[in-house]
Structure formats: structure tokens, C-alpha cells
Amino acid sequence: MASPARFSHYRFLSKIGRNALFALKRNRGDADSIRVTQKAAKSKQLLQVLPKVIEFEVTNRCNLKCVMCPHGMGAIESPRDADISLLDVLWPGMLQADYVHLNGVGEPMMSKPFWEVIDRLRGKKRPLIEFNTNGLLMTEENVARLRQAPVWFILVSLDAATRETYEDIRGGDFETVLEGIKRLVAPSKRNISVVMTYVLMKRNIEEAAAFVDLAARLGVKTVSYHHLTDTVIPAESWVVQKISGWKFVYTEQRLSNYPELNNANMKKAIEAGKRLGVKVVGPDLFFKTPRIDTNGN
Ligand SMILES: C[S@@+](CC[C@H](N)C(=O)[O-])C[C@H]1O[C@@H](n2cnc3c(N)ncnc32)[C@H](O)[C@@H]1O
Ligand code: SF4
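Written out as C-alpha cells, the structure is:
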């Protein structure tokens, strides 16, 4: 049972930080889960229970400008890391939580608070840590540091099975990410589960099955596909011109425009998963003609 003193740690989070305001949000429908983001908070919140799950946005800075991300449109105002003082306030709660998600619209591995959490948890068994990363900073040294903490699983975002597509969508160095994934999945006393993720769009849908092959070659056991979402920027104004000549036009890239193309390629990905022993997690297929079910039949 948590003491009243601990509850107070969660009381005034909206005022923490000299220049920044932080929002503490209880995740909808889940009293045991909170989200700490860099959005300005209008009200203070008092939690009734210590959260089992804490989502902590360690940064909203990034070293990439992926076309489908608000960073690609320069739409993140004053990108910054969370203050370490915020982490100090969250810390007693983090030690009591079951899971900590180090997420946000940014690259966690380039931020100081991310490594502060990892290093403070060195040698501990909980809370279990999970985060998304673009994988560009998965050096030997960083992987060793991650293995010393209770890192449970890591989602590495690729969105492509080839260098050309990766460069169009993400713009980083494809090979660097692949090398990082190999380091992560290499056998070790402390294994970390790795998931490769893929935001589906017209530009990459035909590589969806090849992505499963790539995962199998790298030794990754799960791939996860998602559709584009436009929660931050209105879809109609979302256009990014790439130096390669390719232009990302959000309204032309969403696959709800091409249900048959989507379904045929996702069916191939599901089949590749069955053939290669890779778990394929993805959205429902579009149920327009021809209708195919989630087992690929
Ligand atoms: C915002 S990123 C932050 C973590 C890290 N920088 C990365 O790329 O994994 C988290 C996830 O959101 C995905 N994402 C970005 N923009 C998206 C969009 N418009 N729709 C759906 N997913 C998106 C990314 O591909 C990534 O897997
Ligand atoms: S790496 Fe992640 S946060 Fe950075 S631009 Fe790409 S999707 Fe956005």
C-alpha cells in the first residue's frame, strides 16, 4: 500500500521545470497508468493510486526528420529534453511501477534523461523498461549499457526493407540501423526482446513481405505494422519534398485509398511470417473486395 507521502510526488507535476510545463495524464480507462509529456499542462492532477505503468517522454528532440512524423514537417515547437528534476520527482513512483515506457515524439537514445533512467536502474530487476527508437545510436557501448538495466523490449522503427525506401521515408543510414539490430539480438546473458516496426504507406507497402524476410535474416522474431495517423498535423496540409525527388503527400500515401494493394501485400507479409517463423502483428485488413481475413485466407 502506497503511503500518502508518495501520492504527493504526483501532485504538482505540471509546475516542474524552469522553462517547461509538463502534463501528467491518466491514460483513458486505466487508473493504473499515467503519461508524462511535454505538452503544457492546464491543471494539476492528484492520483488516487500509484501507477503501475508510467509513460515518460524523455525528449521530443530528434536526429531524424521522418516524412510521416511531426519532425518531418518541423512541427515540434521548442524541442527539448525533460528536466532531470522531473525525473527526480517521478523516481520513487518509477521504482514502484511495473512498467516504464520511455516514449515520446523524439529519439530517446539521444537524450540525457533516457540514459539517466537506464543507468540509475543498473542491476535492478524492475521496473521493466520499453521504448521505441530509430536505432541509429545502437552502438556496442550503448547496447552493453542497456543490458545492465531491466530493459524488457525495444521497438526499432525502420518502415522499409531497402536502403532506398528507408532513405526516402526516414533519411538516416539504413546499414547503421541494421548493424545496431544485430548487436541487440546477439546472444547474451541478458537478452532483450526486439520488435521491428513499420508504418504502412503507399511508398513502402510493396516491401511489407520483404520486411519479414529482413527480420528473419537479422534474427528478429516479431514485426509490427501500423497505419499512418494524422493526430498532430491536418492530413490535407502534410507534404514533404525529399532531395531524392520523391514527395510525401499524406493524403496520397494512406492505404485506405488502396485497400486491394494493402491487402494483397499484407497477405504476403502474413504468409512470409508463417514460412519464416516471424510473428506478424498488424492492423486489420481493409474489408473491401476481395475480402481476406487476418489469417491471410
Ligand atoms: C514518434 S516515434 C519516436 C521514437 C523513435 N524516434 C522512433 O522513430 O521509433 C514512435 C513511433 O511512431 C511512428 N510514427 C511516426 N509518425 C507516425 C505517423 N504519422 N503515423 C503512425 N506512426 C508514426 C514511428 O515510426 C515510430 O515507430
Ligand atoms: S526518428 Fe522517430 S521521432 Fe524522429 S522523426 Fe523519425 S519517427 Fe519522428
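Its first residue numbered 1, the sequence shown is counted upward by one per residue in my numbering.
A virtual CB, placed ideally from N, CA and C, is assigned to each residue, including glycine.
Only a predicted model underlies this, so the values are computations on that prediction, with no experimental measurement involved.
Item to check | Range covered by the alpha helix (DSSP H) that runs through Q322 | outcome: Coverage of the chain is limited to positions 1 through 297, which leaves residue 322 absent and any answer about it impossible.
Next on the checklist: Can you tell me whether S157 sits near ligand 1, meaning its C-beta is under 7 Å from at least one heavy atom of the ligand?
Outcome noted: yes
Checklist entry - Within this structure, are the beta carbons of V153 and I181 separated by less than 8 Å? => result The question names Val, yet the displayed sequence has Phe at residue 153. Cβ atoms of F153 and I181: not closer than 8 Å.
Next on the checklist: Can you tell me where the alpha helix (DSSP H) holding W152 begins and where it ends?
Outcome noted: Note, W152: premise wrong, no alpha helix (DSSP H); beta strand (DSSP E) at 151–157.
Checklist entry - Of all residues in the structure, which have a C-beta closer than 5 Å to any heavy atom of ligand 1, taken in chain order? => result M68, C69, V105, E107, N132, N134, S157, T197, V199, L228, T229
Checklist entry - What do you reckon, are the CB atoms on P79 and V232 nearer than 8 Å? => result no
Item to check | CB of T197 within 8 Å of CB of L158, strictly | outcome: yes
Next on the checklist: Among the candidates Y258, E236, F248, whose CA atom is the shortest distance from the CA of E206?
Outcome noted: Y258
Item to check | Cβ neighbours of K242 in the same chain (closer than 6 Å, five flanking residues each side left out) | outcome: D168
Item to check | DSSP-derived helix/strand/coil call for I16 | outcome: Unreliable placement is indicated for I16, whose pLDDT of 36 sits below 50; the coordinate value is still reported in the next sentence. DSSP places I16 in coil when its eight states are reduced to three.
Item to check | E107 and C62 closer than 8 Å at C-beta | outcome: yes
Item to check | Which listed residue (V36, E116, L102) has its alpha carbon closest to that of L128 | outcome: L102
Item to check | Inter-residue CB distance, L276 and V212 (contact presumed, cutoff 8 Å) | outcome: 6 Å
Checklist entry - Just to check, is the beta-carbon of K242 closer than 7 Å to a non-hydrogen atom of ligand 2? => result no
Next on the checklist: Using only the alpha-carbon positions, how far apart do A40 and L86 sit?
Outcome noted: Confidence is the limiting factor: at A40 the pLDDT is only 43, short of 50, which leaves the residue's position unreliable and the question unanswerable from this model.
Checklist entry - Is DSSP giving T222 helix, strand or coil here? => result strand
Checklist entry - Taking all protein chains shown into account, do 16 or more other C-beta atoms lie within 10 angstroms of the C-beta of L255, making it buried, or fewer, making it exposed? => result buried
Item to check | C-beta atoms of V240 and M73 nearer than 8 Å | outcome: yes
Next on the checklist: Report the CB separation of A82 from V53 in whole angstroms; it is logged as a contact under 8 Å.
Outcome noted: Going by Cβ atoms, the distance from A82 to V53 rounds to 17 Å, so no, they are not a contact pair.
Checklist entry - Cβ-heavy atom distance between R170 and ligand 2 below 7 Å? => result yes
Checklist entry - Leaving out the 5 sequence neighbours to the left and right, which residues in its chain are closer than 8 Å to G172 when beta-carbon positions are compared? => result N63, L64, N134, L136, Y166
Next on the checklist: Tell me the DSSP secondary structure of L137 in three-state form.
Outcome noted: coil
Checklist entry - Roughly how far, in whole angstroms, is the beta-carbon of S224 from the beta-carbon of L155, given that I think they are within contact range, below 8 Å? => result 7 Å
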